[in-house]
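Right, one structure below, let's go through it.
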Amino acid sequence: MLPFSLLLYLASIVTAALRQPEVQVPLRLSEHVTPFNKSLFDETIQSFMEARNIPGLSVALTYDDRLIYTSAFGYADQEDDLLVTMSDRFRLASVSKSITAIAIMRLAELGALNLTSRVFGKASILGSSFSSKTYNDWELGITVQDLLEHSSGFVDEDMCGKGCDPTYLPETMGLNQWDLVRTILDKYTPSHAPGTFASYSNFAYFVLGRVVEATSLTNYSSYVSGEILKPLNITSMQIASDNRAEDDVSYYDFENPNAPYSFHVSRRDSVGAWTASPIDLVKILRALLSDQKSILAPKSTKAMFSKSSVTNSSYAKGWTVKFGPDSELIEAAKDGGYPGTNAYWNINFRNKTSYAIVINREIEKSLEKGFNGGFDLKALMDNLTFPITSWPKWNFFD
């Protein structure tokens, strides 16, 4: 991160014509724009940030395996006048679930587990001693696939009320991951048979992190680093610190400045605690988009992106997916957000693009302002990329 004072000279020679007025971000571009235009990307993103009062943003975009666009905007730390750089890490929140899914699929490739493997009870991955109570039939029937697809039968509002997430309950904040899972299993039971009802579940991905540890015989982050990140030459990704960390940006909240640092984020490893730069993220996406087989074989990637069989679900395994009428996989994506953070990554198989975009203030949801939280990041990038029919030949990966 560079002190703002070091860039004053450069700023002094930028003409006033390049400064953008305060206007609502254009999320619909001209249909006549077909070539890639870096200036248009930069200007649109800056307007987007101004409209939403976003301190800092970082983005990377690939086309056909080539890194086409990278850019960093705004402040990594407003108080210290530090600007965002492309090497800065941002919290990914629930984008981390996709990374956990990749780790599970890798373990399946290696024969350490099957997607149909049971998780709880005798002859299961986690065994019979994970809870102090006797498991019921629904708990005994939960498989790895059920957890990946948010169809384990554990439903947040049925456990602790509407709008509640048991992984955020104050009485559990001092517990480590294993003890948190034990506590929730002791206190709650599924409200649906596994594989019959989909409901987004942070708890399921806490359990999946422990599945990774039980089957790999190492801790979750070490396994991901060694099996997923190292083959892609990614060395800077790490689990978030509860406080400000070196090469990690500062995080801001509209109402409570302490909110981004008040919920024990590091404990949410497999659920929402990875930090990364967008360039590292698109390295992962690029590997999944191509047939490099560097982290997963095509067969495993296809299985990961296969839509859940549960009728009320648009989830795959760690991703939200979109299919065409002929069952063609169009895109796979995942969003993430909590106080101080929004992140979004996307693979579009039809137009051969992938992108990752991260910010250090969560976008509010406001019908009056036309803001839709982190999904505005998708709208921004889709409206920039979809009209393009002519891409440059350069590759910043080289």
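Under mature numbering (1 follows the signal peptide of the UniProt record, and there is no 0), the residues of the sequence shown are numbered -16 to -1, 1 to 382, in order. Even glycine gets a Cβ: it sits at the ideal position worked out from N, Cα and C. Because the structure is a prediction, the values reported are computed rather than measured.
Is residue i helix, strand or coil by DSSP?
| i | result |
| --- | --- |
| Leu213 | helix |
| Glu141 | helix |
| Gln4 | Here the model assigns Gln4 a pLDDT of 32, short of 50, so the residue's position is not dependable, and the following value carries that caveat. Three-state DSSP puts Gln4 in coil, outside helix and strand. |
| Asp382 | coil |
| Gln62 | coil |
| Ile343 | strand |
| Asp232 | strand |
| Ser55 | strand |
| Leu(-9) | For Leu(-9), the pLDDT reaches just 32, beneath the cut-off of 50, and the residue's location in the model is therefore unreliable, although a value from the coordinates is still provided. Helix. |
| Leu97 | coil |
| Pro174 | coil |
| Pro150 | helix |
| Ile268 | helix |
| Pro19 | strand |
| Ser374 | strand |
| Leu110 | coil |
| Ser14 | Bear in mind that a pLDDT of 49 at Ser14, under 50, signals an unreliable position, so the number given afterwards is only what the model happens to contain. Residue state, collapsed to three classes: coil. |
Would you report the Cα separation of residue i and residue j, rounded to the nearest angstrom?
| i | j | result |
| --- | --- | --- |
| Ile126 | Ile52 | 42 Å |
| Arg270 | Asn330 | 10 Å |
| Leu265 | Ala340 | 6 Å |
| Gly321 | Leu76 | 7 Å |
| residue 383 | Ser112 | The question about residue 383 has no answer here: the residues shown for the chain are numbered -16 through 382. |
| Asn332 | Ser116 | 45 Å |
| Glu352 | Asn37 | 16 Å |
| Val255 | Ala96 | 21 Å |
| Lys362 | Tyr328 | 7 Å |
| Met365 | Ala287 | 26 Å |
| Asn335 | Ile314 | 9 Å |
| Ser206 | Leu272 | 21 Å |
| Phe307 | Leu124 | 32 Å |
| Thr337 | Tyr47 | 4 Å |
| Thr199 | Ala107 | 13 Å |
| Ile279 | Ala35 | 39 Å |
| Ile29 | Val342 | 12 Å |
| Trp375 | Phe25 | 13 Å |
| Tyr119 | Tyr172 | 11 Å |
| Thr202 | Asp140 | 29 Å |
| Arg228 | Ser311 | 44 Å |
| Ser246 | Asn344 | 15 Å |
| Ser55 | Ser136 | 40 Å |
| Ser175 | Phe238 | 36 Å |
Looking at chain C, is there any beta carbon in it that lies within less than 8 Å of the beta carbon of residue i?
| i | result |
| --- | --- |
| Asn160 | Absent from the structure is chain C; it holds one protein chain and no more. |
Starting from residue i, follow its DSSP beta bridges and name the residues at the other end.
| i | result |
| --- | --- |
| Tyr47 | Arg50 and Thr337 |
| Ile263 | None; Ile263 has no bridge partner. |
| Arg75 | Thr259 |
| Thr295 | According to DSSP, which records beta bridges pairwise, Thr295 is partnered with nothing at all. |
| Lys349 | Asn356 |
| Leu41 | Phe57 and Ile343 |
| Ile223 | Trp258 |
Note the first and the last residue of the continuous alpha helix (DSSP H) segment covering residue i.
| i | result |
| --- | --- |
| Gly256 | Asp253 to Gly256 |
| Thr325 | Run containing Thr325: none in the alpha helix (DSSP H); it sits in the beta strand (DSSP E), Thr325 to Asn332. |
| Gly193 | Asn186 to Ser200 |
| Met89 | Ser80 to Glu93 |
| Arg36 | Lys22 to Arg36 |
| Pro282 | Pro282 to Met288 |
| Thr167 | Gln161 to Lys171 |
| Met365 | Phe359 to Thr369 |
| Asp130 | Val128 to Leu132 |
| Ser206 | Tyr204 to Val208 |
| Glu239 | Taken as a continuous stretch (DSSP letters only), Glu239 belongs to no alpha helix (DSSP H), as it is neither H nor E. |
| Gly123 | Note that residue 123 is Glu in the sequence shown, not Gly. Where Glu123 is concerned, the enclosing alpha helix (DSSP H) stretches over Asp121 to Leu124. |
Excluding sequence positions up to five away, which residues of its chain have a Cβ less than 8 Å from the Cβ of residue i?
| i | result |
| --- | --- |
| Ser220 | Ser71, Arg73, Asp231, Ala260, Ser261 and Asp264 |
| Asp170 | Ser115, Ser116 and Lys117 |
| Thr156 | Pro150, Leu164, Thr167 and Ile168 |
| Ile223 | Ser205, Ser250, Asp253, Ala257, Trp258 and Thr259 |
| Ile109 | Leu97, Ser101, Arg102, Val103, Val128, Val195, Ala198 and Thr199 |
Leaving aside the five residues before and after residue i along the sequence, list all residues of the same chain whose C-beta is less than 7 Å from its C-beta, in chain order.
| i | result |
| --- | --- |
| Ile218 | Asp264 and Lys267 |
| Ser274 | Asp49 |
| residue 384 | Residue 384 lies beyond the stretch modelled for the chain, which goes from -16 to 382, so this question has no answer here. |
| Tyr299 | Glu133, His134, Ala182 and Ser292 |
Could you name the residues of the same chain whose beta carbon sits closer than 6 Å to that of residue i, not counting the 5 residues immediately before and after it, in chain order?
| i | result |
| --- | --- |
| Phe381 | Leu51 |
| Ser284 | Met89 and Glu93 |
| Asp319 | Tyr328 and Gly358 |
| Gln129 | Leu99 |
| Leu131 | Ala188, Val191 and Leu192 |
| Glu211 | Arg90 |
In terms of residue numbering, what span does the beta strand (DSSP E) encompassing residue i cover?
| i | result |
| --- | --- |
| Tyr322 | Leu313 to Tyr322 |
| Phe307 | Thr304 to Phe307 |
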